[in-house]
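In my numbering, the protein residues as written are 407 to 874.
Positions of the beta carbon are idealized from the N, C-alpha and C atoms, including for glycine.
What follows is the structure, encoded as structure tokens:
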């Protein structure tokens, strides 16, 4: 090796490999190391061989101490390893070899509270820690990922130029990568991003199911509709890949989608955001229902029994169904994103993180799984409007009527619409001048003497047993 590397990467899974290549292609010298586990003894050497054209910028190591010594000071080490105990184990090994002012960056899907803890522990020994959420999948990692760094400000200043350089996607000159905030804020924002991703994917899946079951359209017809929508307000990465994959065929000419089992799992970030929202008294019903939809998809025995009982004979009026569904998807996606933004704002307020929402939206604008025209509209509108003002202007009467019509029609025809229904219910509650919560107050007081608050005595608790 002619000179020391600018950055070290620990973990050569698919994401670690593509990020390393991204750095190297942009002239950043990288040292790489992979933990030696069963079946992975040759990962480093094979990676170097496969990327011979980048050999001047990539150096491979099997020994941790040699790896650390190959790095320029302050040392910058990016961890691309499985979240959880493995991260703590690797950090424990690294702090024996690195020193004050060095920087460790966790680019995995760690829980933000774990990142909180690690930031504090490493700060106490003079080491900077950054928890960096990464979105964009394998293609994004290679060509320009969405990065959501949070943690040490001094640490970020030391790595900013490197990370902003790899975040620029082809055709753009502006880096979409700035510090989200302190502590675990970067991984927190990535968790919310993943929750929104759950909701947006489910909304698109529900619209596909809707068109199949109500209008009996073929995959080719639905693909054409989605492609048209992708060229308008519903344009985005998820819509784009959907209209492509629903018409894919295998070597026998069979639609791949029709041969895929209709149940789906999850890695846990959906549950994490649901728990976080409950702890902070924030509604993320669209995201929660997207998680629940995955649970229901795995209830195969129950679904088999109940599906035999469902018969829908209601007539279908095809007129304007597709245009109404367009508005339904648009409004549902707006609400899902707004719920995620509300959670970020509330947690930021409670934690004094001072997260700039427009900075977050900018980080999601390119190279990101949830990138879309709707997100761009959010970012543009929030420059001069509040979130509620933007929603009120976008979900106007014509769109709201179509939103309601689409959900109602789906319910009549037994099409499950958990996320779009939740989005509509949330909006209806927001628009209601009164809710039956007063009745619930009396119910709680009747059986548990919890008290209730009167309009005429605000701030005071009354009781049925004493005051009536």
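Q: Please go through the same chain and pick out, in chain order, the residues whose beta-carbon is closer than 6 Å to the beta-carbon of residue 583, but skip the five residues on each side of it.
A: Taking the chain shown and counting its residues from 1, one reaches residue 583 at position 177. A distance below 6 Å between beta-carbons, with the five flanking residues on each side excluded, links residue 583 to the following residues of its chain, in chain order: 553, 569, 570, 573.
Q: Give me whichever residues DSSP pairs with residue 656 in a beta bridge.
A: Position 250 of the chain shown, counting from 1, holds the residue named residue 656. As far as DSSP is concerned, residue 656 takes part in no beta bridge.
Q. Per DSSP, residue 554 is paired with what?
A. One-based indexing of the chain shown puts residue 554 at position 148. For residue 554, which the question treats as bridged, DSSP gives the partners 539.
**Q.** As assigned by DSSP and simplified to three states, the class of residue 773
**A.** Residue mapping note: residue 773 aligns to position 367 of the chain shown, counting from 1. Three-state DSSP puts residue 773 in coil, outside helix and strand.
Q. Which one of 673, 784, 737, 775 has the shortest CA to CA distance from residue 747?
A. Residue mapping note: residue 747 aligns to position 341 of the chain shown, counting from 1. Residue 784 is the option with its Cα nearest to residue 747.
(Q) In this structure, how does DSSP classify residue 509 when only helix, strand and coil are distinguished? (A) Start at 1 with the first residue of the chain shown, and residue 509 comes out as number 103. Residue 509: strand per DSSP, three-state reduction.
**Q.** Contact set for residue 585: own chain, Cβ-Cβ below 6 Å, skip 5 residues either direction
**A.** Locating residue 585 in the chain shown gives position 179, counting from the first residue. Within the same chain, Cβ atoms closer than 6 Å to the Cβ of residue 585 are found at 555, 562, the five residues on either side in sequence being excluded.
Q. How would you label residue 712, buried or exposed, when you count the other beta carbons within 10 angstroms and need 16 or more for buried?
A. By one-based count along the chain shown, residue 712 stands at place 306. Per the 10 Å Cβ criterion, exposed.
Q) At what residues does the beta strand (DSSP E) containing residue 437 begin and finish? A) Taking the chain shown and counting its residues from 1, one reaches residue 437 at position 31. Bounds of the beta strand (DSSP E) holding residue 437 are 436-439.
**Q.** Limits of the unbroken beta strand (DSSP E) element including residue 466
**A.** By one-based count along the chain shown, residue 466 stands at place 60. Start and end: 464-467.
Q | Rounded C-alpha distance that separates residue 869 from residue 708 | A | Residue mapping note: residue 869 aligns to position 463 of the chain shown, counting from 1. Residue mapping note: residue 708 aligns to position 302 of the chain shown, counting from 1. The alpha-carbon atoms of residue 869 and residue 708 are separated by roughly 44 Å.
Q | Status (buried if at least 16 other CB within 10 Å, exposed otherwise) for residue 774 | A | One-based indexing of the chain shown puts residue 774 at position 368. Counting C-beta atoms within 10 angstroms of its own C-beta, residue 774 has 16 or more neighbours from the protein chains shown and is therefore classed as buried.
Q) Could you give the C-beta distance for residue 620 and residue 424, rounded to a whole number, given that I count them as a contact under 8 Å? A) The count along the chain shown starts at 1 and reaches residue 620 at position 214. The count along the chain shown starts at 1 and reaches residue 424 at position 18. At roughly 41 Å, the Cβ-Cβ gap does not stay under 8 Å, so residue 620 and residue 424 are not in contact.
Q) The alpha helix (DSSP H) spanning residue 816 covers which residue range? A) By one-based count along the chain shown, residue 816 stands at place 410. Residue 816: member of the alpha helix (DSSP H) spanning 803-818, first to last residue.
Q: Can you tell me which of the three DSSP states residue 483 falls into?
A: Taking the first residue of the chain shown as position 1, residue 483 is located at position 77. The answer is strand: DSSP assigns residue 483 an E or B state.
Q: Have a look at residue 407 and residue 461 and give me their C-alpha separation to the nearest angstrom.
A: To locate residue 407, count along the chain shown from 1; it is residue 1. To locate residue 461, count along the chain shown from 1; it is residue 55. With a pLDDT of only 45 at residue 407, under 50, the local geometry of the prediction cannot be trusted, and no value is derived from it.
Q) By the 10 Å Cβ neighbour count, where 16 or more other Cβ atoms means buried, how is residue 856 classified, buried or exposed? A) As a first step, residue 856 is located in the chain shown; it is residue number 450 there, counting from the start. Note on residue 856: under 16 other CB atoms within 10 angstroms of its CB, so exposed under the neighbour-count rule.
**Q.** Chain-order list of residues whose beta-carbon lies under 7 Å from that of residue 751 (same chain, five-residue window excluded)
**A.** Your numbering for residue 751 matches position 345 in the chain shown. Apart from sequence neighbours up to five positions away, the residues of its chain that approach residue 751 with a beta-carbon distance below 7 Å are 763, ordered along the chain.
Q: Express the C-alpha separation of residue 703 and residue 668 in angstroms, rounding to a whole number.
A: Taking the first residue of the chain shown as position 1, residue 668 is located at position 262. Taking the first residue of the chain shown as position 1, residue 703 is located at position 297. Rounded to whole angstroms, the separation of the alpha carbons of residue 703 and residue 668 is 7 Å.
Q. Start and end of the beta strand (DSSP E) containing residue 639?
A. Reading the chain shown from its first residue, position 233 is the one you call residue 639. First-last for residue 639: undefined, no H or E at that position.
Q) So, helix, strand or coil for residue 407, using DSSP? A) Position 1 of the chain shown holds residue 407. Residue placement at residue 407 is flagged as unreliable, the pLDDT there being 45, under the threshold of 50; a coordinate-derived value is accordingly withheld.
Q: Output the boundary residues of the beta strand (DSSP E) element that contains residue 414.
A: Your numbering for residue 414 matches position 8 in the chain shown. It spans 413-416 - the beta strand (DSSP E) in which residue 414 sits, taken as one unbroken run.
Q.
Going by C-alpha to C-alpha distance, which of 729, 504, 488 sits closest to residue 479?
A. Here residue 479 is taken as the residue at index 73 of the chain shown, counted from 1. Relative to residue 479, the option among 729, 504, 488 whose CA is nearest is 504.
Q. Can you give the Cα-Cα distance for residue 653 and residue 644, rounded to whole angstroms?
A. Against the chain shown, residue 653 aligns to sequence position 247. Against the chain shown, residue 644 aligns to sequence position 238. Rounded to the nearest angstrom, the two C-alpha atoms are 15 Å apart.
Q: Quick one: grab the DSSP three-state call for residue 585.
A: Working through the chain shown from its first residue, we reach residue 585 at position 179. Correct three-state label for residue 585: coil.
Q. Which first and last residues belong to the alpha helix (DSSP H) in which residue 900 is found?
A. Residue 900 falls outside the range modelled here, since the chain spans only 407 to 874, and no answer is possible.
(Q) Using only the alpha-carbon positions, how far apart do residue 630 and residue 798 sit? (A) As a first step, residue 630 is located in the chain shown; it is residue number 224 there, counting from the start. As a first step, residue 798 is located in the chain shown; it is residue number 392 there, counting from the start. Within the model, the alpha-carbon separation for residue 630 versus residue 798 is close to 31 Å.
Q. Can you tell which of 625, 515, 559 has its C-alpha closest to the C-alpha of residue 593?
A. Against the chain shown, residue 593 aligns to sequence position 187. The shortest Cα separation from residue 593 among 625, 515, 559 belongs to 515.
Q: List the whole-angstrom C-beta distance separating residue 536 from residue 511, where the pair is believed to meet the contact cut-off of C-beta under 8 Å.
A: Looking up residue 536 in the chain shown gives position 130. Looking up residue 511 in the chain shown gives position 105. The C-beta distance from residue 536 to residue 511 rounds to 4 Å, short enough to fall under 8 Å.
Q.
Whole angstroms are fine: how far does the CA of residue 411 sit from the CA of residue 533?
A. Here residue 533 refers to the residue found at position 127 when the chain shown is read from its first residue. Here residue 411 refers to the residue found at position 5 when the chain shown is read from its first residue. Taking C-alpha positions only, residue 533 is separated from residue 411 by approximately 19 Å.
Q | Proximity to residue 655 [Cα-Cα], best of 665, 647, 646 | A | For the purposes of this step, residue 655 is taken as the residue at position 249 of the chain shown. Residue 655 has its Cα closest to that of 665, out of 665, 647, 646.
**Q.** Closest by C-alpha distance to residue 434, when choosing among 455, 409, 456, 463
**A.** Reading the chain shown from its first residue, position 28 is the one you call residue 434. Closest by C-alpha distance to residue 434, out of 455, 409, 456, 463, is 463.
Q: Would you mind listing the alpha helix (DSSP H) stretches within the stretch 657-713 that are 4+ residues and don't spill past its ends, in chain order?
A: Unbroken alpha helix (DSSP H) stretches of 4 residues or longer found wholly inside the stretch 657-713: 675-685, 691-703, 706-713, given in chain order.
Q: Please name the residue in 802, 692, 649 whose C-alpha comes closest to that of residue 831.
A: Here residue 831 refers to the residue found at position 425 of the chain shown. Ranking 802, 692, 649 by Cα distance to residue 831 puts 692 first.
Q. Helix or strand or just coil, what does DSSP make of residue 446?
A. As a first step, residue 446 is located in the chain shown; it is residue number 40 there, counting from the start. Of the three classes helix, strand and coil, the one that applies to residue 446 here is coil, per DSSP.
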